[in-house]
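Before any comments, here is the structure.
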Amino acid sequence: MIRLIKLRRKRVLVDVDTQKDFLIACGASCIKNHRRVLMNIRRVYAWARTRHIRVISTALCKPGKNGDNFCIAGTDGQKKVSYTLRNKRIAFASDNSTDLSRDLFARFDQIILSKRCENPFDEPRAERLLTELKADEFVVIGALGEGAVSSTVLGLLQRGKRVVVLTDAIGVIDRHAADVAFRKMKAKGAILSETKNIAGSSHLHTTGVCDCKLCKTSGKEERVKAHVSA
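Each residue of the sequence shown is one higher than the one before, counting from 0 in numbering that gives the first Met the number 0.
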């Protein structure tokens, strides 16, 4: 059985596929409203660091066959966004092994699980970790809301976990499909919340990782432009 080290409240942050192809404007499959989502993800990670909350991350890694055009192994777009990486981390390749050390979270702050498909529970090692890990609450962020996030949340709920979904820190491409997915998560028992309710508000106005015009524009500049346009 995999257990957390003793903490006041055993929360785990589950970071689903926070990769450049999904979250950066020039990515091969960029989400809608990427600036807002990135800033909230950044805030959640800052909160996790200060509260010493352990992180389980999944990372999609495709072979580049059968028409794959995003998150392909060896490409820059497959890499995780820089501030979603903790210093004390360990990464596991996607294979059919279930090997995991019992004391992983005593030695590392973050476990990164590579996966070959959308659903982490289809990967033996990820399925074992997410099933066996004992925590009071799993806080979920990432991408895509209508895809891997939905699969992850529903899988956790099926295993009797308490799950909080931070909807403003989750990227989507198909808004209608994502809305349906969020409703299903809620119906199955997930708690839908926002970043500020757990991590507070951020004073940052830029994403720090994306070079697009929108991400380089501060919140103050946006408000000035809106006032001038009006």
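C-beta atoms are modelled at their ideal positions from N, C-alpha and C, and glycine is treated no differently.
Separation of residue j from residue i, as counted between CA atoms
i: Gly207; j: Leu129; result: 30 Å
i: Val43; j: Asn118; result: 23 Å
i: Lys87; j: Ala105; result: 11 Å
i: Ala45; j: Asn68; result: 31 Å
i: Ala147; j: Thr216; result: 30 Å
i: Glu131; j: Gly159; result: 11 Å
i: Ile40; j: Lys183; result: 23 Å
i: Asp14; j: Lys64; result: 26 Å
i: Gln109; j: Thr83; result: 10 Å
i: Arg85; j: His175; result: 33 Å
i: Leu213; j: His33; result: 9 Å
i: Ala177; j: Cys70; result: 20 Å
i: Thr151; j: Thr49; result: 25 Å
i: His202; j: Ile111; result: 28 Å
i: Gly66; j: Arg101; result: 38 Å
Own chain residues within Cβ distance below 6 Å of residue i, not counting five before or after
i: Leu37; result: Leu22 and Thr206
i: Ser113; result: Ala58, Cys60, Ala92 and Ser93
i: Cys278; result: Limits of the chain in this structure are 0 at one end and 229 at the other, which puts residue 278 out of reach.
Cutoff 8 Å; reference residue i; Cβ partners in own chain excluding five residues on either side
i: Val190; result: Checking the sequence, you will find Ile at residue 190 rather than Val. Excluding positions up to five away in sequence, the list reads Arg161, Val162, Val163 and Val164.
i: Arg35; result: Asp167
i: Ile30; result: Phe21, Leu22, Val36, Ala142, Leu143, Gly170, Val171 and Ile172
Sub-8 Å separation of residue i and residue j beta-carbons
i: Leu12; j: Ala47; result: yes
i: Cys60; j: Arg115; result: yes
i: Leu153; j: Val171; result: no
i: Glu145; j: Asp173; result: yes
i: Ala180; j: Ser149; result: yes
i: Cys209; j: Ala24; result: yes
i: Lys187; j: Leu156; result: yes
Residues near residue i in its chain [Cβ-Cβ closer than 7 Å; skip 5 each side]
i: Leu99; result: Ile1, Arg124, Arg127 and Leu128
i: Pro62; result: Ala72
i: Ala134; result: Leu3, Lys9, Arg10 and Val11
i: Thr97; result: Pro123, Arg124 and Arg127
i: Phe107; result: Lys87, Arg88 and Ile89
i: Thr74; result: none
| Does the stretch 76-94 come close enough to the stretch 16-34 that 3 or more CB-CB pairs lie under 8 Å? | yes
| query | Within the chosen definition, does the stretch 87-97 reach the stretch 121-129 through at least 3 CB pairs nearer than 8 Å? | reply | yes
| said: My parser needs the alpha helix (DSSP H) runs of 4 or more residues fully inside the stretch 72-157; what are they? | reply: 103-106, 123-131 and 147-157
| Would the stretch 190-209 and the stretch 52-59 be scored as touching if the rule is three or more Cβ pairs under 8 Å? | no
| Counting Cβ pairs closer than 8 Å, one from the stretch 158-176 and one from the stretch 127-147, do we hit at least three? | yes
| message | In chain order, what are the residue ranges of uninterrupted beta strand (DSSP E) at least 3 long that sit wholly in the stretch 151-209? | response | 162-170 and 190-192
| query | Which residue spans inside the stretch 8-35 form an unbroken alpha helix (DSSP H) run of at least 4? | reply | 19-22
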